[in-house]
Structures are given as structure tokens and as C-alpha cells.
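Chemist: Input: one structure, supplied below.
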């Protein structure tokens, strides 16, 4: 008889306790996708000659959509932690703050601490650098309440970050629905039975 071993690294254990199919997580996934589609459409408009005069305002709205898409991707992961036992486990007050923040750096850091990486620190820094803060308390508020002078390259770079976050949430969701076991050095992946 073959010995069956399951290799659960910290990352795998964290991922296996997430439910991306609950209503709240699905809603955030849908909103992330919608904001990403909007940002890409605005980016395309930004490049059109007929909108040259409005390029900066269109770019600002594209950045706003990118930031919101990225936040929704992070929130899709947060909501997938239904039992609140993966991210900030045992820290109720911090988790309450975490669940309501718009701070992408904080969301990324706490998910990374829980061994979940839809974005790396450098990705969030890259995104935040596209927004000119100008006295606002956060990039999220700066892009909403302060005029932004942005470039096509900055918007394109920001869209790449939001795409990465959204794609990585989709990958996590896909991983969650399969199980891999190893039999004498051979890995077998099959649908997970919940």
C-alpha cells in the first residue's frame, strides 16, 4: 500500500481556509473586475486625440478605478477569510480596522503576514507612486479629492498592478477548488470535495 502524504506549507494552509465562493467575496471579485474594465476603457480614451484636452481628468478617473479595483481584490481575499482565522487571527480590534481600511499597504502587509500574496510590497508602492498626494491623508483620498496630473505611462503601470491583483485572486480561487496529493513522488491534483 502506498503512503499518502499531503504537503501543507503555511501558504497552503492559509489558502485552504479561504472561501472565495461566499457572497461578499464574489461581490468584491465582481467589483474588482468592473473597475479594472473601466480603468482600461478610460486608458484607451486617454490615448485618443479627440480627448487630448481632457487627458489628465480621464487619467485621474482611470487611476481612481485602478485603486478601487486593487482594493476590491484585497477585500475579496479578506471576505474569503469568513471565519477570520487566517488574516490577523485572534486580533479582533485590528481585524475590525483592517476590514474597513482603504490603505492598500496595510491590506497587502497583513495578507502577506498570513502567507497570502496577491501583490508584493513593491507593487503597492508602484501603484501609490502614480498618485500625487498633495496633502491628502492617503492615495485613495488624493485621487478622489485632489487634482491629479498623470501620464499615460503612470496609468498603464497602475493598470498592470490592478490586473496582477485581480489575476492572483482568480488563481487563489482556482487553487482552493483543487487538492494535490503525492503518491511515491508523483503528484496528483483533483477537485476538492467540500
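Residue numbers (this note's numbering): 4 to 197.
C-beta: ideal position from N, C-alpha, C; glycine also.
These numbers come from a predicted model, not from an experiment.
1. In terms of alpha-carbon separation, which member of 165, 160, 173 and 155 lies closest to residue 60?
2. Suppose the cutoff is 7 Å on Cβ atoms and the five residues either side in sequence are ignored; what does the same chain contact list for residue 31 look like?
3. By DSSP, does residue 119 sit in helix, in strand, or in coil?
4. Taking the alpha helix (DSSP H) that residue 139 falls in, what are its first and last residues?
5. Is it right to say residue 88 is buried, meaning 16 or more other beta carbons lie within 10 angstroms of its own, or is it exposed?
6. Can you find the residues in the same chain that come closer than 8 Å, C-beta to C-beta, to residue 101, ignoring five residues on each side of it along the sequence?
7. What does the alpha-carbon distance come out to for the pair residue 9 and residue 22?
8. Could you check what DSSP says for residue 186 in three-state terms: helix, strand or coil?
9. Would you kindly check if the distance between the Cβ of residue 39 and the Cβ of residue 133 is under 8 Å?
10. Would residue 150 and residue 73 qualify as a contact pair, given that the criterion is a beta-carbon distance under 8 Å?
11. Excluding the 5 residues preceding and the 5 following residue 63 in the sequence, name in chain order all residues of the same chain whose CB lies nearer than 8 Å to its CB.
12. Please say whether residue 168 and residue 121 have beta carbons closer to each other than 8 Å?
13. Given that a residue counts as buried once 16 or more other Cβ atoms are within 10 Å of its Cβ, and exposed if not, what is residue 95?
14. Which residue's Cα is closest to the Cα of residue 161: 27, 128 and 48?
15. In its own chain, which residues sit with a C-beta less than 7 Å from the C-beta of residue 126, not counting the 5 before and 5 after it?
16. Alpha carbon to alpha carbon, how far is residue 50 from residue 139?
17. Leaving aside the five residues before and after residue 34 along the sequence, list all residues of the same chain whose C-beta is less than 6 Å from its C-beta, in chain order.
Modeler: Result, derived from the coordinates:
1. On the chain shown, position 57 is the one that residue 60 refers to. Of all alpha-carbon atoms in 165, 160, 173 and 155, the one lying nearest the alpha-carbon of residue 60 is that of 155.
2. Along the chain shown, read from residue 1 onward, the residue named residue 31 stands at position 28. Excluding five sequence positions before and after residue 31, the CB atoms of its chain that fall closer than 7 Å to its own CB belong to 75, 78, 79 and 82, given in chain order.
3. Along the chain shown, one-based indexing puts residue 119 at 116. If DSSP states are grouped into helix, strand and coil, residue 119 belongs with coil.
4. Taking the chain shown and counting its residues from 1, the one referred to as residue 139 is at position 136. Following the DSSP letters along the chain, one finds residue 139 in no alpha helix (DSSP H), marked with neither H nor E.
5. The residue you call residue 88 lines up with position 85 of the chain shown. For residue 88, the number of other beta carbons within 10 angstroms of its own is below 16, and it is reported as exposed.
6. On the chain shown, residue 101 is found 98 positions in, with the first residue counted as 1. Apart from sequence neighbours up to five positions away, the residues of its chain that approach residue 101 with a beta-carbon distance below 8 Å are 81, 90, 91, 109, 110 and 113, ordered along the chain.
7. If you number the chain shown from 1, residue 9 lands on position 6. If you number the chain shown from 1, residue 22 lands on position 19. Model confidence at residue 9 stands at a pLDDT of 41, short of 50, so the residue's coordinates are unreliable; what they give is reported in the following sentence. Within the model, the alpha-carbon separation for residue 9 versus residue 22 is close to 20 Å.
8. Counting from 1 along the chain shown, the entry for residue 186 is found at position 183. Look at residue 186 here: in three-state DSSP terms it is strand.
9. Your numbering for residue 133 matches position 130 in the chain shown. Your numbering for residue 39 matches position 36 in the chain shown. No. Outside cutoff.
10. Here residue 150 is taken as the residue at index 147 of the chain shown, counted from 1. Here residue 73 is taken as the residue at index 70 of the chain shown, counted from 1. The criterion of a C-beta distance shorter than 8 Å is not satisfied by residue 150 and residue 73.
11. Against the chain shown, residue 63 aligns to sequence position 60. Hits under 8 Å: 146, 150, 151 and 153.
12. One-based indexing of the chain shown puts residue 121 at position 118. One-based indexing of the chain shown puts residue 168 at position 165. Yes.
13. Stepping through the chain shown from its first residue, residue 95 is reached at position 92. Exposure of residue 95 is indicated by the presence of fewer than 16 other C-beta atoms within 10 angstroms of its C-beta.
14. Residue 161 sits at position 158 when you count from the first residue of the chain shown. The residue with the shortest Cα to Cα distance from residue 161 is 128.
15. Locating residue 126 in the chain shown gives position 123, counting from the first residue. Only residues of its own chain outside the window of five on either side were considered, and among them 164 and 167 have a CB closer than 7 Å to the CB of residue 126, listed in chain order.
16. Sequence index remark: in the chain shown, residue 50 carries index 47 (1-based). Sequence index remark: in the chain shown, residue 139 carries index 136 (1-based). Going by the C-alpha atoms only, they are around 28 Å apart.
17. Numbered from its first residue, the chain shown carries residue 34 at position 31. Hits under 6 Å: 75.
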